[in-house]
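Report on one structure; see the data block that follows.
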Amino acid sequence: MAAGTFYVVGVGPGDPELLTMRAVRVIQNAPVVAYFCRHDKKGHARTIADRYIRPTTRELRLAYPFTTELSVADPAYHTRMHAFYDKSAQDISSILTNGQDVVLLCEGDPFLYGSAMYLFDRLCSTFKTDVTPGITAMSGCWAQARQPMTHGDDVLCVLPATLPEPELENWLERADAAVVMKIGRNMPKLQRALARSGRLDDAQYVERGTQENGFSHPVTDCAEKAPYFSLVLVPGRKGVR
Ligand SMILES: C[S@@+](CC[C@H](N)C(=O)[O-])C[C@H]1O[C@@H](n2cnc3c(N)ncnc32)[C@H](O)[C@@H]1O
1 MAAGTFYVVG VGPGDPELLT MRAVRVIQNA PVVAYFCRHD KKGHARTIAD
51 RYIRPTTREL RLAYPFTTEL SVADPAYHTR MHAFYDKSAQ DISSILTNGQ
101 DVVLLCEGDP FLYGSAMYLF DRLCSTFKTD VTPGITAMSG CWAQARQPMT
151 HGDDVLCVLP ATLPEPELEN WLERADAAVV MKIGRNMPKL QRALARSGRL
201 DDAQYVERGT QENGFSHPVT DCAEKAPYFS LVLVPGRKGV R
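If you use the UniProt record's numbering, the sequence shown corresponds to residues 1 to 241, in order.
Structure below.
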């Protein structure tokens, strides 16, 4: 029996109309959909794709063993996540070996800070693998905030707010335009780095971009802690044309 194909599909930043036609076709034809989620939640990618999943499609929940309970600095974080990705890859591998296709749903684009990459790395050399790109959270957010980002030769820098403060400051100073993701408890650190690099007044905060009740406002109006679905946009330097 021929093995199934492993499809990795980006489902965009939240609005269910922001999937590509190819993503919709692949999801609608899926015998099995897999998705990451918290143990007590439906899963963001699963929620976005809801209207495209057929009632007969089998679902494989890949529930993270923890989310914010362990720090990335803790060695146990890496050991346990490694084991979790191994087990998830094994579960998908068994289905593929039995001849069924598996569609892994991923928020935004799968290859931009996506957990999907860890399963791609484990499975792509054994199984036929097909990747469908998705609209990233940052592009959904800058469209929602009506914020043009890069002009002419502007350099765009994508930063995780988890970086040490001096590194954040250094990148923000050097880049023309920047997007800062994974904010959470790092907001005060990010605000200080934005202020010291002279970018605070231009920086725009976007929460739940393209999702229901999404909004944006200046970073100067932000609270100390930001939710998971949030990022900061620093627009380019707007060369005169
Ligand atoms: C693990 S990364 C996933 C990125 C995703 N693969 C992409 O292509 O954009 C998660 C981060 O993306 C950002 N994010 C994802 N969806 C978002 C949304 N709808 N609005 C604002 N930020 C979002 C947040 O900064 C969050 O911490």
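Glycine included, every Cβ here is placed at the ideal spot set by N, Cα and C.
{"Item": "Please identify the residue among Lys189, Thr57 and Phe66 whose C-alpha is closest to the C-alpha of Glu224.", "Value": "Lys189"}
{"Item": "If you drop the 5 nearest sequence neighbours on each side, which residues of the same chain put their C-beta closer than 7 angstroms to that of Pro133?", "Value": "Gly10 and Asp109"}
{"Item": "List the endpoints of the continuous alpha helix (DSSP H) containing Asp91.", "Value": "Pro75 to Thr97"}
{"Item": "Looking at Met187 and ligand 1, is the gap between the Cβ and the nearest heavy atom below 7 angstroms?", "Value": "no"}
{"Item": "In whole angstroms, what separates the C-alpha of Thr210 from that of Cys141?", "Value": "7 angstroms"}
{"Item": "Would you mind sorting Val155 into buried or exposed? The rule is 16 or more other CB atoms within 10 Å of its CB.", "Value": "exposed"}
{"Item": "To the nearest angstrom, report how far apart Ser71 and Met1 are at their CA atoms.", "Value": "44 angstroms"}
{"Item": "Touching or not, the segment 12-19 and the segment 28-35, by the rule of three or more beta carbon pairs under 8 angstroms?", "Value": "no"}
{"Item": "Just verifying my parser: in three-state terms, what is the DSSP assignment at His44?", "Value": "helix"}
{"Item": "Measuring only the C-alpha atoms, how far is Gln90 from Pro75?", "Value": "23 angstroms"}
{"Item": "Would you kindly work out how many angstroms separate the C-alpha atoms of Leu233 and Gly114, rounded to a whole number?", "Value": "20 angstroms"}
{"Item": "According to DSSP, is Leu159 part of a helix, a strand, or is it coil?", "Value": "strand"}
{"Item": "Does DSSP classify Pro218 as helix, strand or coil?", "Value": "strand"}
{"Item": "Cα separation between Thr5 and His44?", "Value": "23 angstroms"}
{"Item": "What is the rounded straight-line gap between the Cα of Ala23 and the Cα of Asp176?", "Value": "33 angstroms"}
{"Item": "For Val33, is the beta carbon positioned less than 7 angstroms from some heavy atom of ligand 1?", "Value": "no"}
{"Item": "Helix, strand or coil, according to DSSP, for Ala143 in the structure here?", "Value": "helix"}
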